[in-house]
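*Asks:* Just so we're aligned: the sequence shown equals residues -21 to -1, 1 to 385 in mature numbering (1 follows the signal peptide of the UniProt record, and there is no 0). Just so it is clear, CB atoms sit at the ideal spot from N, CA and C, and this is done for glycine as well.
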Amino acid sequence: MRKHRPALLAGVLLLILLLLQKPITWKTAGKGHSTSRETGQFESDVETQSGKDCSPNSQIRIRNIVFLKTHKTGSSTFQNILFRLGEKRGLTFAFPVYTYQFAYPEKFAKGFVEDLPREATEFNILCSHMRLDVLAVQEVMPGSTFYLTILRDPVSTFESVFTYYRTTVPAFELVLNISGNPLTTFLAAPHHYYDSRYITNGLAKNPMTFDLGLNSTRERVDETWQKDLEKLEKDFHLVMIAEYFDESLILVKELLNLDFEDLVYVRLNTRPQGSRVTIDRDKSQQIRTWNQLDVDLYEHFNRTFWKKIQCYGHTRMKKELDVLESLTRQTRKSCLDGGPVGPEKTSDNLRPWQPDTTKILGYNLRRNLSSLEYEKCLRLVLPELRFHTYLYQRQYGRDMKTLPLD
């Protein structure tokens, strides 16, 4: 045995030398991504894994998607991404029977959905405005569906909702004829104008909570609310955060196994900077107090969002963001004739729908685009209602139905 010991030791030393020459590679969640000791990245990314799978690492293209389109949260921009994705892959959209919303503000029901096209076997994408009822949505969508939504800082959301819907939400309408700043007037005594008995006041208090189908009239966070949050966590695969839209898209890319090209975007349905109401500290606190549930909702899912980022790996996220931002910048440069402009400077076919409360910005395309470039760039900036109408006509071979007068 002793005479074999030198040979055994030599073999062990040779094996150690071979291992030292080869960098140690650690797999992170996600297809085709790894980090090595040589890159200096492995410590930060491996620490975030906590010994468990952080993402689905899907090898297949996800076909079935529900996106709860919340109001004034940047949701139109993401809806455009889904519109383009669905058209590109020949997927079937679940469209409303009438107009562009599922009988909002009523809770979603199966009867609000247009019939399945004759040649289709199932719906793949549902992404129009609705007030959520998960069980009713599950009656329409396949069991393999991924559920997404987006939240925005409640102060910014409420200012935008108030500005945009001040002539259609009854609680907001009541302050329009009062002298002074309407938002200031409303926030000084919101209970004086808000009547929870009317569903049309849904957006006047905790609008994101209302869109999610929850009881938004509650005055405080309680035990029932905590159960609601837990259920939402189970229902949704990802809650995006508007203030970190690009990071959200990278998580969507991982979750749905998308390409970077699928996620290129321009911001849609935005207002001119000058139309935004200045929110000082006092007004911000008033908004937060009036919208306590939205504040707690946002803070809860902001925390879960950053846990997902940590799990994904900060170094890896930074690399992916660089790729997305570079591709987005190149696409905008090749497609757009400048930045966002007012409706008076937008060509007819690219002009977004204009409410009577504020201007909505649009885009113009560069001249001399090839036909292929034009079709690609057009879809990038096509306003929501025009894109919806186009996809509906393409899917059903007819115009959208007219809403009955009665």
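In the DSSP assignment, what are the bridge partners of isoleucine 129?
*Replies:* BP columns for isoleucine 129 point to Met219.
*Asks:* Measuring CB to CB, does arginine 131 end up less than 9 Å from lysine 232?
*Replies:* Not a contact, by the Cβ cut-off of 9 Å.
*Asks:* According to DSSP, what are the bridge partners of leucine 315?
*Replies:* Note: leucine 315 sits in a beta bridge opposite Leu344.
*Asks:* Taking 9 Å as the cut-off, decide whether the C-beta atoms of leucine 300 and isoleucine 229 are in contact.
*Replies:* Cβ distance < 9 Å, so leucine 300 and isoleucine 229 count as in contact.
*Asks:* Apart from the five residues just before and just after alanine 115, which ones in its own chain have a Cβ nearer than 8 Å to its Cβ?
*Replies:* Excluding residues within five positions, the ones whose Cβ falls inside 8 Å are Lys86, Phe87, Ala88, Lys89.
*Asks:* Please identify the residue among Ile220, Pro161, Tyr143 whose C-alpha is closest to the C-alpha of arginine 282.
*Replies:* Selected option, being the one with the closest Cα: Ile220.
*Asks:* Quick one: any contact between the region 58 to 67 and the region 357 to 371, if contact means 3 or more CB pairs under 8 Å?
*Replies:* Enough Cβ pairs lie closer than 8 Å, so yes.
*Asks:* With a threshold of 16 other CB atoms inside 10 Å of the CB of threonine 146, please say whether the residue is buried or exposed.
*Replies:* Label assigned to threonine 146: exposed.
*Asks:* Restricting to Cα atoms, I'd like to know which of Thr100, Leu344, Gly318 is closest to aspartate 327.
*Replies:* Of Thr100, Leu344, Gly318, the residue nearest in Cα terms is Leu344.
*Asks:* Counting along the chain, where does the beta strand (DSSP E) carrying phenylalanine 46 start and finish?
*Replies:* Segment 44 to 47, the beta strand (DSSP E) holding phenylalanine 46.
*Asks:* Looking at the unbroken alpha helix (DSSP H) that takes in tyrosine 353, where does it start and where does it end?
*Replies:* Element bounds for tyrosine 353: 350 to 360.
*Asks:* Taking the alpha carbon of leucine 340 as the reference point, which residue from Leu348, Pro322, Ser349 has its own alpha carbon closest?
*Replies:* Of Leu348, Pro322, Ser349, the residue nearest in Cα terms is Pro322.
*Asks:* With DSSP collapsed to three states, give me the class of tyrosine 77.
*Replies:* In the structure shown, tyrosine 77 sits in a strand (DSSP, three-state: E or B).
*Asks:* Can you say whether valine 302 is buried or exposed, counting buried as having 16 or more other CB atoms within 10 angstroms of its CB?
*Replies:* Exposed, since its Cβ has fewer than 16 Cβ neighbours within 10 Å.
*Asks:* Arginine 255 by DSSP, collapsed to three states: which one?
*Replies:* Of the three classes helix, strand and coil, the one that applies to arginine 255 here is coil, per DSSP.
*Asks:* Provide the residue span of the alpha helix (DSSP H) that contains asparagine 281, from first to last.
*Replies:* From DSSP, the alpha helix (DSSP H) with asparagine 281 extends over 271 to 291.
*Asks:* Taking the continuous alpha helix (DSSP H) assigned at histidine 108, which residues delimit it?
*Replies:* No alpha helix (DSSP H) contains histidine 108, which DSSP labels as neither H nor E.
*Asks:* Answer yes if the region 209 to 218 comes into contact with the region 97 to 104, meaning at least three C-beta pairs across the two stretches below 8 Å, and no otherwise.
*Replies:* The region 97 to 104 vs the region 209 to 218: no contact.
*Asks:* On the criterion of 16 or more Cβ atoms from any shown chain inside 10 Å, does isoleucine 39 qualify as buried, or is it exposed?
*Replies:* So isoleucine 39 ends up on the exposed side.
*Asks:* Find the nearest neighbour of glutamine 271 within the set Cys290, Leu237, Asn194, judged by alpha-carbon distance.
*Replies:* When each option's Cα is compared against that of glutamine 271, the closest is Asn194.
*Asks:* Is lysine 380 helix, strand or coil by DSSP?
*Replies:* Correct three-state label for lysine 380: strand.
*Asks:* Drop a sphere of 10 angstroms on the beta-carbon of alanine 381, count the other beta-carbons inside from all chains shown, and report buried for 16 or more, exposed for fewer.
*Replies:* It should be noted that the sequence gives threonine, not alanine, for residue 381. Threonine 381 should be labelled exposed.
*Asks:* Considering methionine 187, what are the terminal residues of the alpha helix (DSSP H) in which it resides?
*Replies:* Start and end: 186 to 190.
*Asks:* By DSSP, does glutamine 374 sit in helix, in strand, or in coil?
*Replies:* In this structure, glutamine 374 counts as helix in the three-state DSSP scheme.
*Asks:* Inspect the beta-carbon positions of leucine 182 and valine 140 and report whether they are closer than 9 Å.
*Replies:* Yes; because the gap between Cβ atoms is below 9 Å, this pair is in contact.
*Asks:* How many Å lie between alanine 167 and glycine 53 at the Cα?
*Replies:* So the alpha carbons of these two residues sit roughly 28 Å apart.
*Asks:* Jot down the residue ranges of each uninterrupted alpha helix (DSSP H) in the region 131 to 207, minimum 4 residues, whole runs only, in chain order.
*Replies:* As far as the region 131 to 207 is concerned, its whole alpha helix (DSSP H) runs of at least 4 residues are 133 to 144, 149 to 152, 161 to 167, 169 to 172, 186 to 190.
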